[in-house]
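Sequence order for the protein chains is A and B. Residues 0 to 133 in numbering that gives the first Met the number 0 are what the first sequence spells out, letter by letter. Residues 0 to 133 in numbering that gives the first Met the number 0 are what the second sequence spells out, letter by letter. Just so you know, even glycine gets a beta-carbon here, dropped at the ideal spot from N, CA and C.
Protein chains: 2
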Amino acid sequence: MAEPLPVPMLDPASGSSVDRLNRVFAALADPIRRDIVARLSAADATVGELAEPYEVSTQAVSKHLKVLEDAGLVSRSRDAQKRPCHLEAEVFDLMTKWIERYRRQAEERFSRLDAVLAAMDDENENEDQRGAAS
Amino acid sequence: MAEPLPVPMLDPASGSSVDRLNRVFAALADPIRRDIVARLSAADATVGELAEPYEVSTQAVSKHLKVLEDAGLVSRSRDAQKRPCHLEAEVFDLMTKWIERYRRQAEERFSRLDAVLAAMDDENENEDQRGAAS
DNA sequence: CACTTATGCAACCGAAAGGTTGACAACATT
DNA sequence: AATGTTGTCAACCTTTCGGTTGCATAAGTG
Chain A
0 MAEPLPVPML
10 DPASGSSVDR
20 LNRVFAALAD
30 PIRRDIVARL
40 SAADATVGEL
50 AEPYEVSTQA
60 VSKHLKVLED
70 AGLVSRSRDA
80 QKRPCHLEAE
90 VFDLMTKWIE
100 RYRRQAEERF
110 SRLDAVLAAM
120 DDENENEDQR
130 GAAS
Chain B
0 MAEPLPVPML
10 DPASGSSVDR
20 LNRVFAALAD
30 PIRRDIVARL
40 SAADATVGEL
50 AEPYEVSTQA
60 VSKHLKVLED
70 AGLVSRSRDA
80 QKRPCHLEAE
90 VFDLMTKWIE
100 RYRRQAEERF
110 SRLDAVLAAM
120 DDENENEDQR
130 GAAS
């Protein structure tokens, strides 16, 4: 039941959607970087401005921004010595799509009677899903 | 413009929402773990079943599952020696909320004339967002 | 009870993350 | 030209990560 599903696959190809997701999720796993994203959602800002609230060096923040940039979450332009950072919100779509896809499927499975029926079927509900993911 | 906003702050308190997000995002930063989540969205599965497709040891997968469990994405029950893994889809809400919040704000800012006006204001658009994010 | 199945735990390892400091490039100002 | 500002690069250190192997544990099966 429930067609085979497109099946994602672990292709490590650099530049692939998988690789992109790796970077985006990893980038947002750090609280400082998430906070930076949060602040950039309100307004563009320079490295110095962004670094100010935290108790780490500007270099550290510069590194964080590089991570965010490599993940495609932030872009930087130039204004004299300053390099204003801008949030690229489109990347959020990538994550949202991934999340929603599996959330929906899980909820679907949960709300359908399948779960209940399977539970009544007792022990053999474990082997009907072999084609799973990739 | 744009009220102060709840402001998140970098509280490292273990168990806090911030800490939770750290773990969830970090958990999903690994392609194998994302794939496991994908497969679990289709059906519960045991460690062995989950490990089979990958070229790593079962212990490695066991570790991955621990990470997912600590992040609250997966729960495990018992069935004889087997420990069926189940996807806890509610956690997705936490991420979705976080993402949508800032995505929306960024888009709002983009679509409103603020950006244009601020740009015309030239240099002084940088100091109106101090209380940032939450 | 011995044996196989299914998992977890501990120790170890190389690589990557996140931080620091110190030098340096680029531009503005004087 | 000299100086200050803004940001990056490079080297280094420590901690975490993802993987391995080997052994222990738990629970069905002969």
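Taking the straight line between their C-alpha atoms, what separation do you get for residue i and residue j?
| i | j | result |
| --- | --- | --- |
| R102 of chain A | G47 of chain A | 39 Å |
| V36 of chain A | A42 of chain A | 10 Å |
| S15 of chain B | R22 of chain B | 11 Å |
| T57 of chain A | V73 of chain A | 17 Å |
| P5 of chain A | R100 of chain A | The predicted position of P5 of chain A is uncertain, since its pLDDT is 47 and thus under 50; no value can be drawn from it. |
| L67 of chain B | V90 of chain A | 23 Å |
| E51 of chain A | C84 of chain B | 44 Å |
| L64 of chain B | F24 of chain B | 15 Å |
| R75 of chain A | V17 of chain B | 27 Å |
| K62 of chain A | L20 of chain A | 19 Å |
| K96 of chain B | Q104 of chain B | 12 Å |
Taking all protein chains shown into account, decide if residue i is buried (16 or more other Cβ within 10 angstroms of its Cβ) or exposed.
| i | result |
| --- | --- |
| R77 of chain A | exposed |
| V55 of chain B | exposed |
| D92 of chain B | exposed |
| F109 of chain B | exposed |
| Q80 of chain B | exposed |
| S13 of chain B | exposed |
| S40 of chain A | buried |
To the nearest whole angstrom, what separates the beta carbons of residue i and residue j, a pair I think is in contact under 8 Å?
| i | j | result |
| --- | --- | --- |
| M94 of chain B | I98 of chain A | 6 Å |
| A59 of chain B | A26 of chain B | Incorrect: roughly 15 Å between the Cβ atoms, too far for contact. |
| A28 of chain B | A44 of chain A | Contact doesn't hold; Cβ gap of about 25 Å is too wide. |
Closest to residue i by C-alpha separation, out of the options, would be which residue?
| i | options | result |
| --- | --- | --- |
| L86 of chain A | B:E68, B:E106, B:A88 | B:E106 |
| Y141 of chain B | B:Q104, B:E68, B:D34, B:F24 | Outside the shown range of chain B (0 to 133) lies residue 141 of chain B, about which nothing can therefore be said. |
| A88 of chain B | B:R38, B:K62, B:A28, B:S61 | B:R38 |
| R82 of chain B | B:K96, B:L49, B:Q104 | B:L49 |
Task: Segments assigned beta strand (DSSP E), at least 3 residues, entirely inside the stretch 18-89 of chain A - done: 73-75, 84-86
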